[in-house]
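Chains as they are written, first to last, in the numbering used here: chain Y, 1026 to 1393; chain U, 1026 to 1393. Cβ coordinates follow ideal geometry from the N, Cα and C atoms, glycine included. A short worksheet on the structure shown next.
2 protein chains.
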Amino acid sequence: MLQYELIKKDRDCSARLGNLKISHGIIESPIFMPVGTQATVKTLTSEDLYEIGAGIILSNTYHLYLRPGSELIEKSGGLHGFMNWKRGILTDSGGFQVFSLSKLRQITDEGVYFNSHIDGSRHFLTPEKVMEIEQQLGADIAMCFDECSPYPCSYEEAEKAVERTTLWAHRCKKTHKRADQALFGIVQGNVFPNLRQKSAGDLTALDFDGYGIGGLSVGEPKADMYSMLDLMNTVLPWDKPRYLMGVGAPEDLLEGVKRGVDMFDCVLPTRLARHGSAYTHRGRITVRNAVYAEDFEPIDDACDCWVCRNYSRAYIRHLIKAGEMLAHRLLSYHNVYFLLNLMEEARAAIKEDRFLEYYHEFMQKYQF
Amino acid sequence: MLQYELIKKDRDCSARLGNLKISHGIIESPIFMPVGTQATVKTLTSEDLYEIGAGIILSNTYHLYLRPGSELIEKSGGLHGFMNWKRGILTDSGGFQVFSLSKLRQITDEGVYFNSHIDGSRHFLTPEKVMEIEQQLGADIAMCFDECSPYPCSYEEAEKAVERTTLWAHRCKKTHKRADQALFGIVQGNVFPNLRQKSAGDLTALDFDGYGIGGLSVGEPKADMYSMLDLMNTVLPWDKPRYLMGVGAPEDLLEGVKRGVDMFDCVLPTRLARHGSAYTHRGRITVRNAVYAEDFEPIDDACDCWVCRNYSRAYIRHLIKAGEMLAHRLLSYHNVYFLLNLMEEARAAIKEDRFLEYYHEFMQKYQF
């Protein structure tokens, strides 16, 4: 199940405020979904994420299918029971991971053969198999199995991927049965406007609960991504949520919101944490740098998260230099909070028809 | 400052219930001190430790002196300010680490030359220098610089270490000035009863705030450790706290309590966590083992910690197999809780003069 209610649009741009009703709660959009690839948002617990204010997280079908296996997760009460998470979950279909992580892929219209990146074992995923796995995982929102063309690629290659994505979307829609789980189609088409338009048309004809915008932020110029989003904003139905997949840089979240996107996910906040970096309202900083050795200020003086209220840059830098895992945890907490807070600020701005003002203010301060 | 109040002794053995008043609070003893070697109890935050019920933690002078440096920590408000910890801290003197971790040591009565295990740089620690560092760190309790003889070693070697430890204790006592910081002497003597007795006599003559029992649990037979503790119980003053250094196996904690020990510390709970192991009331288990793959029970069904209330063995095993840091965090939390809870149970038993009964019940169930 999924109900999307458009509460209001900003007066001066396409930014939209909405309510997303899913099996595990109601989420105000636009929203950022922290990524728990392997049934864990790296270093954080469910309680941390409740405290940070996450209403929905993403987990990866590809990873969970390979380890620990979707049958095991089903037995433990689905992903919610397995990882002890009481709010929303969206599962990716594994399409992107099959193309980006696994080796020796072989694609046919039937499905994809690939070798596991963990142990090299051979697997075959079809739209039907992916629906079976996602229904076992039992997330609130499942994504259709899609083919994501690389960047750059030829028009013909991108066209073939769009056709296959449409074919597979039909089969996913036909196979999917769980009434408590919403199903989203994924628009492909690379950076070719008419392919994007065709893909969106094919999928909206199938009337999904929502639409992913896939295959962006994979190396193309930012201008191309933004123009694809402008296009999507004109062709996707206004009464369904739009989800820009894998995008999570602060500036891109705001660019997406401005163009009518409702949902985002990205591994960036936890990945940056592992590399000793943090978001601040003035831009990203590398906390491990020597300049912070005796800096007893919080990571971001404009942030009111629990980490910024309690720990200094100097302490976190020490933890990084000493190889202490707590560094990853503190930086992950802050970085995830930063993006959720950014979306909260964006929603507040839309409510008051001042999103563009907020956008410009943020962009002026934020160095990227 | 430190005031020790002996509340009561168990009727049937030497187990003692006490109140330890330090600069940051009052702690009921016997107590286990989680170890935060590098100004962090690995993977856990101060809030976790408050929740677990830790009243005092240990941190290591040797490590903090080398990185990030005690001047930096002093500038940030001492260890309490640096790591955002509002309860008690005890700092080890670095004696044990100089002998166990560093290379190219050269010991004289003046002090110890050694090379840093981090970058090979050359350092010289004297009792005076260690007191300076510990006062900069500003823990509630500082330990004297001591020489810890290895096991096995000759009588002559152990005797020399005892003499030096006494000499250095004099110099520490003379140098130490901070009124808000207690100072403990450390009894050495290896497994030689008359050396232990001499060391205890030398140190008690200096009237320290408390006494560490050092150089045990370093490879000697358990029976030797227990007989040394029996001896200490007869020679150390009853009105001062006794601290068995570096000992933390559950069975050894209870053996120590039975022999009048008040304080313990050990890296074991967090180290075991990193190796995928956990304490339970039936003994240690290796959660990473395949037998737990579909075990949806908590780590320890007799434990009421937050991890056992929320997460299953199957989930934690998955995290371990997937290389997820959250596994270390969950297991560290549980393992530290387990030992603090063990001490809480021990204190409750002493209150009711049934420590021996509790001891036998625990030992019967616990496989080690």
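- Task: Determine which residues of the segment 1080 to 1100 of chain Y have a Cβ less than 7 Å from any Cβ of chain U, and write them out in chain order.
- Result: R1092, P1093, L1097, K1100
- Message: Taking 8 Å as the cut-off, does the segment 1378 to 1385 of chain U touch the segment 1098 to 1112 of chain U (at least 3 CB pairs, one atom from each stretch)?
- Response: no
- Message: Spatial neighbours of U:K1198 within its chain, please: C-beta separation below 6 Å, excluding the five flanking residues on both sides.
- Response: L1231
- chain U residues whose Cβ lies nearer than 9 Å to that of Y:N1109: N1335, Y1336, S1337, Y1340
- Task: Quick one: give me the first and last residue of the beta strand (DSSP E) that U:A1167 is part of.
- Result: 1166 to 1168
- U:G1108 versus Y:K1346: straight-line alpha-carbon distance, rounded: Note that residue 1108 of chain U is Met in the sequence shown here, rather than Gly. Rounded to the nearest angstrom, the two C-alpha atoms are 15 Å apart.
- Task: Would you tell me roughly how many angstroms separate the C-alpha atoms of U:I1098 and U:Y1090, rounded to the nearest one?
- Result: 9 Å
- Less than 7 Å separating the beta-carbons of U:F1217 and U:F1233? no
- Query: Can you give the beta carbon distance from U:Q1122 to U:Q1160, rounded, assuming they're within the 8 Å contact cut?
  - Reply: Actually they do not touch by this definition, with Cβ atoms about 19 Å apart.
- Message: In this structure, how does DSSP classify U:V1066 when only helix, strand and coil are distinguished?
- Response: coil
- Taking the alpha-carbon positions, what's the Y:V1060 to U:D1320 distance? 25 Å
- Message: List, in chain order, every chain Y residue whose beta-carbon is nearer than 7 Å to that of U:F1321.
- Response: S1101
- Item | Neighbouring residues, chain Y, relative to U:L1351 (Cβ below 8 Å) | T1065, K1067, T1068, L1069, T1070
- Residue range of the beta strand (DSSP E) that includes Y:S1302: 1302 to 1305
- How close, in whole Å, do the beta carbons of Y:K1033 and Y:I1375 come, if the pair is a contact with beta carbons under 8 Å? 7 Å
- Query: Roughly how many angstroms lie between the CA atoms of U:F1393 and Y:I1052, to the nearest whole one?
  - Reply: 50 Å
- Task: In the DSSP assignment, find the unbroken beta strand (DSSP E) run with Y:D1409 in it and report its ends.
- Result: Any answer about residue 1409 of chain Y is impossible in this case: the structure gives chain Y only from 1026 up to 1393.
- Task: Tell me whether U:H1049 sits in a helix, a strand or coil according to DSSP, three-state version.
- Result: coil
- Query: Any idea what DSSP makes of U:P1175, helix, strand or coil?
  - Reply: coil
- Message: Let me check one thing: in DSSP terms, what residues is Y:E1030 bridge-paired to?
- Response: Y:N1044
- Message: For Y:R1342, count the other beta carbons within 10 Å of its own beta carbon; 16 or more makes it buried, fewer makes it exposed. Which is it?
- Response: buried
- Item | Which of helix, strand or coil DSSP assigns to Y:M1058 | strand
- Item | Y:S1125 versus Y:S1224: straight-line alpha-carbon distance, rounded | 21 Å
- Member of Y:D1264, Y:N1085, Y:G1214 whose CA lies at the smallest distance from the CA of Y:A1167: Y:N1085
- Output yes or no for whether 7 Å exceeds the beta carbon distance between U:F1289 and U:L1269. yes
- Query: Excluding five sequence neighbours on each side, which residues of the same chain lie with their C-beta closer than 6 Å to the C-beta of Y:K1390?
  - Reply: H1306, R1307
- Helix, strand or coil at Y:I1341 according to DSSP, with G and I counted as helix: helix
- Query: On the three-state DSSP scale, how would you describe U:S1095?
  - Reply: helix
- Message: Since Y:S1054 and Y:P1266 should fall inside the 8 Å C-beta cutoff, what is the C-beta to C-beta distance between them, to a whole number of angstroms?
- Response: 6 Å
- Task: Taking all protein chains shown into account, decide if U:N1219 is buried (16 or more other Cβ within 10 angstroms of its Cβ) or exposed.
- Result: exposed
- Could one say the Cβ of U:A1373 lies closer than 7 Å to chain Y's Cβ atoms, at least one of them? no
- Item | Identity of the residue in U:V1286, U:R1284, U:D1326, U:V1282 nearest U:A1303 by Cα | U:D1326
- Item | Three-state secondary structure assigned by DSSP to Y:T1191 | helix
- Item | Assigned exposure category for U:S1337 - 16 Cβ within 10 Å defines buried | buried
- Message: Taking the beta carbon of Y:L1162 as the centre, do at least 16 other beta carbons fall within 10 Å, making it buried, or is it exposed?
- Response: buried
- DSSP on Y:L1150, reduced to helix/strand/coil? strand
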